[in-house]
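For the sequence shown, the working numbering begins at 4 and goes up steadily by one.
The beta carbon of each residue, even a glycine, is placed where N, CA and C say it ideally should be.
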Amino acid sequence: MKVGLMPSRMSSAQSRSVAARSSDCAARVLRTVTAGLKGQVRFKAPLKEWTSFRVGGPADVLVIPHDVEDLCCLLRQARAAKVRLFVIGGTNVLVRDGGIRGIVVSLSKLKAIADEPNAVVYAEAGVTMPVLLQHSISRSLSGLEWAAGIPGTVAGCVVMNAGTRLGEMKDAVKAVRIASPSGTLKDVPASAIPFSYRHARVPRGIVTGVWLQLIPGVKDHIQTVVKDYLRYRKDTQPLTMPNAGCAFKNPKPDAAGRLIEAAGLKGFRIGDAQVSEKHANFIVNRGDARADDVMALIAHVRRTVQSKAGVKLELELKIVGEP
Ligand code: EPU
4 MKVGLMPSRM SSAQSRSVAA RSSDCAARVL RTVTAGLKGQ VRFKAPLKEW TSFRVGGPAD
64 VLVIPHDVED LCCLLRQARA AKVRLFVIGG TNVLVRDGGI RGIVVSLSKL KAIADEPNAV
124 VYAEAGVTMP VLLQHSISRS LSGLEWAAGI PGTVAGCVVM NAGTRLGEMK DAVKAVRIAS
184 PSGTLKDVPA SAIPFSYRHA RVPRGIVTGV WLQLIPGVKD HIQTVVKDYL RYRKDTQPLT
244 MPNAGCAFKN PKPDAAGRLI EAAGLKGFRI GDAQVSEKHA NFIVNRGDAR ADDVMALIAH
304 VRRTVQSKAG VKLELELKIV GEP
């Protein structure tokens with residue numbers, strides 16, 4: 004679906020009328036694609052509320068499928084109309100100020116967790132890591148302690164192979180269930196998914212659930228590791244301010260936070276976007292940051308670290324949407 008295509012030689016009144024017609028047409032297509040779904044469909048939905056950064060413009064449409072079947076129905080209707088879907092997890096993303104055209108999908112209603120034999124746990128895509136971690140602690144299962152304090156969803160953590168210095172997602176994933184673009188479900192073993200640093204090449208489609216292979220352990224011990232790690236994060240990271248996690252990947256063997264601090268950028272601010280005073284690899288929103296402020300800050304940090312340390316920082320957070 005192409006939105007807002009305009010011939011170049013027109014009066015501004017003609018352009019406005021073509022733009023209005025084209026946007027009416029786009030709105031009609033979006034209404035058709037979302038017709039008959041059981042879940043929520045919200046037009047012009049502000050995405051600020053859906054991101055941990057609290058930054059960003061609206062989605063043309065935000066769909067919150069009621070269940071996996073509803074998601075498959077959306078996929079089939081979207082394919083028929085050639086409309087792309089964008090899945091928002093919301094914790095490592097910067098949505099630009101113009102928002103996202105087309106359909107944004109939140110899997111926040113897919114929240115079931117099931118215990119399977121041999122210390123395997125199945126979690127639907129929208130289960131958050133804190134909930135999953137609490138579940139595994141309650142079953143005395145070890146293997147997710149590294150994720151203490153990560154706020155994202157289990158599917159988001161698979162797709163970006165989230166990790167900390169204690170471990171990463173690929174160590175626990177046994178298989179994933181994917182809704183393909185044609186709206187059918189298939190299960191893919193972890194061995195068929197190439198994982199790399201903060202990335203997983205998951206087959207096309209939308210991850211709807213994840214099987215995790217955990218390890219029977221001792222509840223007190225698991226709890227102590229988690230508590231210590233949460234304390235470390237609380238002491239070193241700006242967890243009380245809106246942020247999107249670490250802004251840059253670590254340029255191994257160095258750490259982005261160390262390089263940014265050494266470049267004198269701790270506390271540096273553009274508008275309400277600021278390099279955290281607590282941990283230099285976090286950008287925090289001091290209240291009313293615009294995505295443009297965050298982008299300008301990212302560019303400044305990259306330029307400065309490149310000129311002072313000769314290191315090109317690569318973004319960990321994903322930038323999406325329109326200016
Ligand atoms: N450092 C500084 N100044 C700072 C921040 C850090 O000099 O402002 C130094 C620290 O002293 C340390 C080194 O940089 O020597 C590494 O810092 P830290 O232990 O805080 O870990 P990190 O490498 O910055 C990684 C993950 C975090 C995760 C922590 C804790 C990445 C990009 N970051 O951070 O993950 O929480 O380890 O395990 O891998 C995230 O992915 O969003 C994230 C925050």
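* Asked: Taking 6 Å as the line, does the beta carbon of His202 fall inside it for any heavy atom of the ligand EPU?
  -> no
* Report yes if the C-beta distance between Ser55 and Ala247 is below 7 Å; otherwise report no. => yes
* For Pro61, does the count of other Cβ atoms within 10 angstroms reach 16, so buried, or fall short, so exposed? -> buried
* Asked: Out of Val134, Val191, Ala266, which has the shortest C-alpha to C-alpha gap to Arg330?
  -> No statement about residue 330 is possible, as the shown extent of the chain runs from 4 to 326 and does not include it.
* To do: Tell me whether Ala283 counts as near the ligand EPU, meaning its Cβ is closer than 6 Å to at least one heavy atom of that ligand.
  => yes
* The alpha helix (DSSP H) with Arg104 in it runs from where to where? -> That residue, Arg104, is in no alpha helix (DSSP H); its beta strand (DSSP E) goes 103-108.
* Given that a residue counts as buried once 16 or more other Cβ atoms are within 10 Å of its Cβ, and exposed if not, what is Gly270? -> exposed
* Asked: Is Arg272 near the ligand EPU, judged by its Cβ being under 6 Å from some heavy atom?
  -> no
* Measure the beta-carbon distance from Asn288 to Cys249 and round it to whole angstroms, keeping in mind my assumption that it falls under 8 Å. => About 15 Å; that fails the 8 Å criterion.
* Which residue spans inside the stretch 246-323 form an unbroken alpha helix (DSSP H) run of at least 4? -> 259-265, 294-312
* Own chain residues within Cβ distance below 7 Å of Gly220, not counting five before or after -> Ser143, Leu144, Ser145
* Asked: Can you list, in chain order, the residues of its chain whose CB lies under 7 Å from that of Ala294, leaving out five sequence neighbours each side?
  -> Val58, Gly59, Leu97, Val98, Arg99, Asp100
* For Ile218, does the three-state DSSP call read helix, strand or coil? -> strand
* Asked: If we ignore side chains and look at the alpha-carbon of each, how far apart do Thr131 and Glu280 end up?
  -> 27 Å
* Asked: When burial is assigned at 16 or more other CB atoms within 10 Å of the CB, is Lys5 buried or exposed?
  -> Per-residue confidence for Lys5 stands at a pLDDT of 32, beneath the threshold of 50, marking its modelled position as unreliable; the derived number appears in the next sentence. Answer is exposed; the Cβ neighbour count stays below 16.
* **Secondary structure of Gly194, DSSP reduced to three states** => First, the amino acid is wrong: residue 194 is Ser here, not Gly. Helix.
* Whole-angstrom distance between Ser199 and Leu318, CA atom to CA atom -> 15 Å
* Give the straight-line distance between the Cα atoms of Leu215 and Ser310, rounded to the nearest whole angstrom. => 43 Å
* Asked: With burial defined as no fewer than 16 other Cβ atoms inside 10 Å of the residue's Cβ, what is the status of Ser185: buried or exposed?
  -> exposed
* Unbroken stretches of the alpha helix (DSSP H), 4 residues or longer, contained in the stretch 26-99 -> 71-83
* Asked: So what's Ala343 in DSSP terms, helix, strand or just coil?
  -> Shown here, the chain extends from 4 to 326; a query on residue 343 therefore has no answer.
* Confirm the yes/no value for this check: CB of Thr239, any heavy atom of the ligand EPU, distance under 6 Å. => yes
* **Those residues which DSSP pairs with Thr167 across a bridge** => Gly170
* To do: Spatial neighbours of Lys321 within its chain, please: CB distance less than 6 Å, with the 5 preceding and 5 following residues excluded, ordered by chain position.
  => Val96
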